[in-house]
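Novice: First the structure, then my questions, so here it is.
2 protein chains.
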Amino acid sequence: MIDQNRESLAISFDDVVAASRRIAGYVHRTPVLTSRRLNAILDAQVFFKCENLQRIGAFKARGAHNAVLSLDDERAAAGVVTHSSGNHAAALALAASSRGSTAAIVMPENAPAAKVMSVRRLGGEVHFCAPTIAAREAAAAGLVEERGATLVHPYNDPLVIAGQGTAAMELIEDYPALDAVMAPVGGGGLMAGTATAARAMAPSIRILATEPAQADDAWRSWSGGTLDPGDPPDTIADGLRTTLGDLNLPILRALLDDFATVSEQAIVEAMRLVWEIMKIVIEPSSAVPVAALLERKFDLRDAKVGVILTGGNVDLGLLPWQRAPESR
Amino acid sequence: MIDQNRESLAISFDDVVAASRRIAGYVHRTPVLTSRRLNAILDAQVFFKCENLQRIGAFKARGAHNAVLSLDDERAAAGVVTHSSGNHAAALALAASSRGSTAAIVMPENAPAAKVMSVRRLGGEVHFCAPTIAAREAAAAGLVEERGATLVHPYNDPLVIAGQGTAAMELIEDYPALDAVMAPVGGGGLMAGTATAARAMAPSIRILATEPAQADDAWRSWSGGTLDPGDPPDTIADGLRTTLGDLNLPILRALLDDFATVSEQAIVEAMRLVWEIMKIVIEPSSAVPVAALLERKFDLRDAKVGVILTGGNVDLGLLPWQRAPESR
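Chains Z and U are the protein sequences, given in the same order. Note that the first sequence covers residues 0 to 327 in numbering that gives the first Met the number 0. Note that the second sequence covers residues 0 to 327 in numbering that gives the first Met the number 0.
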């Protein structure tokens, strides 16, 4: 049974506010874009918070900077370590370099080439491992042991969760009258931070989580009340091929209004629509809440909906709509 | 010999200012984006005027609105006609609908599918013709004759040229200290409008034109002093497969500081860099000035350079870097 008492949650809104002050000047306050044509297609008035235009091309710059800028000088000197599907890796490499620290990154060997190059360009040391959660965690623990470095977990860390919440905080500062806010769930750091900021700033806002149906562990965990990682996730949304963190589940249980899963086909269609109509590059993970709007998963007709577009790091060599849809 | 007396040019800066007032509220004041990483690659401080985020996804919305909003009620009721490689067509369809008028559009039968659909969605009537300038002009003249409609030429019309100049006007209002401004040349409407605005607002700014080497008629005309259309242009930059208008040549002769042509390979590389780093969708024509920066065609080391990104209407089914480079 999950404790739904908010006092026991991993972060509070104060942590998001502190993160916002700490990371200002290191990350962008990203723009919010809208499109009349897309609104007509989605039957809602959608406000896109463009974290694809964030530094390193993803919201992960927020949490990583909050974690690394919180280190004292001694800890910073010993460096940071993480395991990541990509964007957190680049984010941590950048944050370490901002702080005069160093970052060692454990990445699955099937990570997109663009993400590996991005980490190296930012000065991160890449260590490859097998594409399983267990292999990643073991490799990262080895590096912590060896170097006395600090592990910055991609999503199961209170400083990271609070940092990710600053995107929704900015969005609601800019558009206080939103009826709903949506984000995708991978490890749950963004969704937990988003929910914390949104509930504090706009008590009656609807907080809506979205996940690929082919990587629905967070939906199952949220529905059932206990962590249910299940089979290795299999989705085109590579940023969401992680399982829900145990710090995030209680936050989602306490604060979410609803949770929907979407098909791979809808993710690809939503991604292409955003590229075609809004002329911005988003990665498949970003398209997951848009897919939920496209599939009318929630009752949001004519509502003002904030959507966090999580990132824009895509391998441009082969786009999702150019290959056969993946199926389980 | 071309008359370089400015009194005889087709438009003056006053026309751009009048256009700016006329089209306000109908078109977007587009954002200007920058990227540290791209600046490092290009060895310059580049300010991108994002006309890919303009209505209908291209700067052409400006000139078309200026032309259509200038019509009196009787002319507007008879409708407008044009021939276009695509973006002007969508722009004219939108402008006609804004004005309560109707637009008949002559398009080459090899126009990208996305552009044809875009015109139809905006209520434009599409009439296909052979992909030659002569065939387009004949078909448009036929429609003018038949309906008493007004021809709005895509680039050889003073109202259109003045409208296109409003993009550079906004860019220089936002960044008055620019050392240079760059745009691509197809029919020359954008470049002529840009040059007119830039020279009036910033007398010492360097005004730099760029064109694909495989569609270099404007470069030849500008260099030689007389219109030299030559062979049908053959470039991946489909928006620039037109030849220089006779109203634009004298403006370019009077106001340009320099003019460079770029390779197809550099256009594709520049386009991909902008997508990858800036996370925005631009069409190949937009990449032409970026290609000139990439190939160091002008001496702009560490200069503040304004670049008009002309549009973002691309057929996402097959991207330029996914096919073999075209060659003459």
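C-beta: ideal position from N, C-alpha, C; glycine also.
1. What are the start and end residues of the alpha helix (DSSP H) that includes arginine 146/U?
2. Along the region 310 to 324 of chain U, where does the CB come closer than 9 angstroms to a CB of chain Z? Name the residues.
3. Establish whether the CB of glutamate 169/U and some CB of chain Z are separated by less than 9 angstroms.
4. Please tell me whether isoleucine 266/U has its Cβ less than 9 angstroms away from any Cβ of chain Z.
5. Flag this pair as yes or no: are the beta carbons of alanine 139/U and valine 105/U separated by less than 9 angstroms?
6. Taking 8 angstroms as the cut-off, does the region 242 to 260 of chain Z touch the region 275 to 282 of chain Z (at least 3 CB pairs, one atom from each stretch)?
7. Going by the beta-carbon positions, is the gap between isoleucine 204/Z and aspartate 178/Z smaller than 9 angstroms?
8. If you pair each beta-carbon of the region 40 to 56 of chain Z with each one of the region 229 to 240 of chain Z, do three or more pairs fall below 8 angstroms?
9. Of the choices Leu207/Z, Val26/Z, Ser97/Z and Thr193/Z, whose alpha-carbon is the least far from that of alanine 330/Z?
10. Does DSSP put alanine 266/Z in a helix, in a strand, or in coil?
11. Mapping DSSP to helix, strand and coil, what is glutamate 210/U?
12. Indicate whether at least one CB of chain U lies closer than 9 angstroms to the CB of alanine 179/Z.
13. Give a yes or no on whether the minimum CB-CB distance between glutamate 332/Z and chain U is below 9 angstroms.
14. From the beta carbon of glycine 56/Z, is the nearest beta carbon of chain U less than 9 angstroms away?
15. Under 7 angstroms Cβ to Cβ from alanine 134/U, same chain only, skipping five residues before and after it: list those, please.
16. Could you check what DSSP says for aspartate 13/U in three-state terms: helix, strand or coil?
17. Going by beta carbon distance, what residues of the same chain come within less than 7 angstroms of proline 30/U, once the five residues before and after it are set aside?
18. What's the call for serine 7/Z, buried or exposed, on a 16-neighbour Cβ count within 10 Å?
19. Given that a residue counts as buried once 16 or more other Cβ atoms are within 10 Å of its Cβ, and exposed if not, what is glutamate 145/Z?
20. Could you give the distance in angstroms between the alpha-carbon of glutamate 210/U and the alpha-carbon of isoleucine 55/Z?
21. Identify, in the order they occur along the chain, each residue of the same chain with its Cβ nearer than 6 angstroms to the Cβ of alanine 77/U, setting aside the five sequence neighbours on each side.
22. Do threonine 242/Z and glycine 186/Z have their CB atoms nearer than 9 angstroms?
23. Based on Cα-Cα distance, which residue from Ala92/Z, Gly99/Z, Phe12/Z and Ala291/Z lies nearest to valine 184/Z?
24. First and last residue of the beta strand (DSSP E) that includes proline 183/Z?
25. Leaving out the 5 sequence neighbours to the left and right, which residues in its chain are closer than 6 angstroms to leucine 293/Z when beta-carbon positions are compared?
26. Using alpha carbons as the reference points, say which of Ser34/Z, Lys59/Z, Leu41/Z and Ala39/Z lies closest to isoleucine 22/Z.
27. Do isoleucine 307/U and threonine 193/U have their C-beta atoms within less than 9 angstroms of each other?
28. Is the Cβ-Cβ distance between aspartate 14/U and proline 157/U less than 9 angstroms?
29. In chain order, what residues of the same chain have a beta carbon less than 6 angstroms from the beta carbon of alanine 18/U, not counting five sequence neighbours either side?
30. On the CB-based measure, 16 or more other CB atoms within 10 Å of its CB, does proline 319/U come out buried or exposed?
31. Please report the distance separating the alpha-carbon of alanine 113/Z from that of leucine 93/Z.
32. I'd like to confirm the pairing. Which residues does DSSP put opposite histidine 82/Z in its beta bridges?
33. Based on DSSP bridge pairs, tell me the residues matched to valine 304/Z.
34. Roughly how many angstroms separate the alpha carbons of isoleucine 1/Z and leucine 315/U, rounded to a whole number?
35. Residues in the region 41 to 55 of chain Z with C-beta within 7 angstroms of chain U's C-beta atoms, listed in sequence order?
36. Verify the CB distance criterion: does alanine 328/U have a CB-CB separation below 9 angstroms to chain Z?
Specialist: The structure says:
1. 132 to 146
2. For the region 310 to 324 of chain U, which is checked against every Cβ of chain Z, the residues closer than 9 angstroms are Gly310, Gly311, Asn312, Val313, Leu315, Gly316, Leu317, Leu318, Trp320 and Gln321.
3. Chain Z, which has no Cβ nearer than 9 angstroms to the Cβ of glutamate 169/U, makes this no.
4. no
5. Yes. Within cutoff.
6. no
7. yes
8. no
9. This structure gives no information on residue 330/Z, because the portion of chain Z shown stretches from 0 to 327.
10. It is isoleucine, not alanine, that sits at residue 266/Z in the sequence shown. Looking at isoleucine 266/Z - three-state DSSP - the assignment turns out to be helix.
11. strand
12. no
13. Since the first and last residues shown for chain Z are 0 and 327, residue 332/Z lies out of range.
14. yes
15. Cys128
16. helix
17. Cys49 and Leu52
18. With fewer than 16 Cβ atoms within 10 Å of its Cβ, serine 7/Z is classed as exposed.
19. By the neighbour-count rule (16 or more Cβ atoms within 10 Å), glutamate 145/Z is not buried but exposed.
20. 32 angstroms
21. Gly147 and Ala148
22. Note that the C-beta distance between threonine 242/Z and glycine 186/Z is below 9 angstroms.
23. Ala291/Z
24. 179 to 183
25. Ala265 and Ala269
26. Lys59/Z
27. Yes, the Cβ-Cβ distance between isoleucine 307/U and threonine 193/U is below 9 angstroms.
28. Yes, the Cβ-Cβ distance between aspartate 14/U and proline 157/U is below 9 angstroms.
29. Answer for alanine 18/U: Asn65, Ala161, Gly162 and Thr165, listed in chain order.
30. buried
31. In a straight line, the C-alpha of alanine 113/Z is about 16 angstroms away from that of leucine 93/Z.
32. Val105/Z
33. Val45/Z and Ala179/Z
34. The predicted model places isoleucine 1/Z with a pLDDT of 44, which falls under 50 and marks its position as unreliable, so this point remains unresolved.
35. If the cut-off is 7 angstroms between Cβ atoms, the region 41 to 55 of chain Z has Asn51 and Leu52 near chain U.
36. Examination of residue 328/U is not possible in this model, given that chain U is present from 0 through 327 alone.
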